[in-house]
Each structure stands twice: as C-alpha cells, then as structure tokens.
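Down below is the structure, laid out as structure tokens.
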Amino acid sequence: GIWSNASMEITVSGDNARTKTVVSTVIKDELEQYYHILGGKTGTLGNTRNLSVILEIPNSDDKLVVVALCADGQNGTEESRYQAVRQIADAAMAKYRDPSVDNSAVDVCCASAIACLLPTDGANLKNLTVLYEKDADTRRNPASITKVLTAVCALDILESLDTAVTYKQFDITTCPWNSGDFYPGDTMTLEHTLFALLLPSNDVTAFTIARSAGEVLLKPVHSHKYSSVVTAPTCTEQGYTTYTCACGDSYV
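Structure representation (structure tokens):
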C-alpha cells in the first residue's frame with residue numbers, strides 16, 4: 001500500500017514505455033520527528049502554502065487529520081506549513097488526551113486550520129470529532145489539495161484501479177503547468193496514475209484523470225435494440241426466437 005511511502009514506482013506503457021519513481025511533495029523530516037505521517041498532500045499557489053496530513057496517534061487505533069491553509073498568511077515558506085501542522089497537532093492532541101482542555105485560544109501560524117479524528121466510516125462524516133479549529137469556515141484557496149477530490153471522483157467514476165488511463169495531447173497542451181514528465185500516448189493503470197497525481201502532485205496527470213472521467217460521464221447511455229431470428233421447430237426440436245443487439249447482447 002501507499003501508506004507511509006514517500007515514493008512509489010510506476011509503470012508507463014506506450015511508445016515511451018518506462019518505469020518512473022514518483023516522490024511525494026510531503027517532506028517528512030520536517031514533521032516526522034514529532035508525528036508519524038501516514039499520508040498527506042501539499043497545496044502551493046504563489047506564496048500560499050497549504051498542507052493536509054493524516055497522522056498516527058501513538059498507542060491508539062485513531063488517526064488524526066490535520067489541515068493547515070495559508071501558512072504564514074501570504075508569505076508562507078516550505079517550512080511554515082510543517083510548523084503550522086505541528087502546532088495544530090499539538091493543540092489537538094492536548095484535547096484528545098483530555099477532552100476538558102480548552103484550546104480555542106491557541107494560535108497557530110496559518111490563516112485557517114482544523115484537526116479532527118479520521119472517520120472510520122462514511123456515516124461519521126457529518127459528525128466529525130473536531131479537536132482544534134481556527135477560522136475554519138472562511139473560504140480559502142486549497143491549491144493542489146483539490147487533487148484529493150480529483151482522486152476521489154476518479155475512483156467513483158472509473159471504478160477499477162486496473163482501468164487504463166491514457167495521456168492525450170489535449171491534456172498536455174491545456175495544462176499551464178506542464179513539468180514534461182508525461183507524453184501523449186503514455187498509458188498507466190488508474191492506480192499508478194493516482195500515484196503520479198498525489199505524490200509529486202503532477203498537474204498534467206490531474207488534467208488527464210479529469211478528462212478521462214469526464215469522457216465516461218458524457219458517454220451516451222446505450223439503449224438495446226434487438227433484431228429477431230426465428231428458428232423453426234423440427235420433428236425433434238422445439239422452435240425458438242433469438243434476439244440480438246448490435247452491441248452483442250442476446251437472449252432466446
């Protein structure tokens with residue numbers, strides 16, 4: 001699995017068949033000395049530095065979800081987002097250990113923040129156990145953290161992790177942030193495409209996944225139209241009618 005892995009090897013087929021190692025943008029050393037990171041996603045837009053992580057809670061099956069947006073306001077640095085997440089996690093863990101703790105006055109070095117326990121099932125999404133928040137309802141630019149939603153939608157629409165996803169010239173031409181890592185005709189499984197999306201935060205891959213999912217959604221729903229062929233009865237066999245659709249579906 002991808003949990004706790006800072007890099008993954010992906011297999012690309014097509015005219016430029018190759019294997020690539022994709023590396024996570026979540027730099028663990030900045031935070032790992034305090035908390036074990038199970039997974040995470042950065043978001044960067046100009047000087048905006050965001051970070052969302054899932055942290056392991058020691059000696060517990062619970063997991064802590066932490067989101068920091070706009071670390072150090074609009075002057076964030078690569079280090080500031082990790083500092084903000086650590087501050088948020090410290091405040092949240094104080095309340096986790098003692099629910100009577102009031103951490104509302106604790107300030108952290110980001111404009112908006114929230115920390116909650118990772119829901120164990122979808123039914124808990126409306127009843128999150130929030131352990132810390134700061135200006136959590138103010139709308140802010142999530143930057144590439146939106147790629148998490150892209151992945152969720154892709155899994156829902158494309159369904160199988162073995163689904164083949166192919167990069168097209170349209171994806172590369174349309175994306176304004178082309179890193180040059182992928183070429184038209186490159187094909188990977190959805191699983192490996194998601195690795196390329198979520199670890200190095202590849203923008204062309206985001207366009208490719210979105211376009212692929214959109215094509216599935218916009219594909220016309222097939223309506224069967226059957227033609228019939230009558231097989232006449234014989235002295236030993238009953239007759240029957242075979243109904244066949246142009247798509248190959250048939251019944252008797």
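Counting along the sequence shown from 1, when you hit position 183 you're at 183 in the working numbering, and nothing is skipped either side.
Glycine is no exception: its CB is placed at the ideal position from the N, C-alpha and C atoms.
In the structure shown, Glu56 adopts extended strand secondary structure according to DSSP, grouped into three states. Per DSSP, reduced to three states, the secondary structure at Ala105 is coil, with no helix or strand assignment. DSSP, read as helix, strand or coil, puts Thr193 in helix. According to the DSSP assignment, Lys95 belongs to the alpha helix (DSSP H) that extends over 78-97.
Rounded to whole angstroms, Arg97 and Ala196 show a C-alpha spacing of 37 Å. In this structure, DSSP gives Ser13 an extended state, which the three-state scheme calls strand.
One alpha carbon belongs to Leu64, the other to Leu155, and they sit about 23 Å apart.
Annotation: Glu30 is outside any beta strand (DSSP E); the continuous alpha helix (DSSP H) that includes it extends over 29-32. Cβ-Cβ distances below 6 Å link Tyr34 to Arg86 in the same chain, with the five nearest sequence neighbours on each side left out; the list follows chain order. Measuring C-alpha to C-alpha distances from Gln169 to each of Asn127, Asp162, Val204 identifies Val204 as the nearest.
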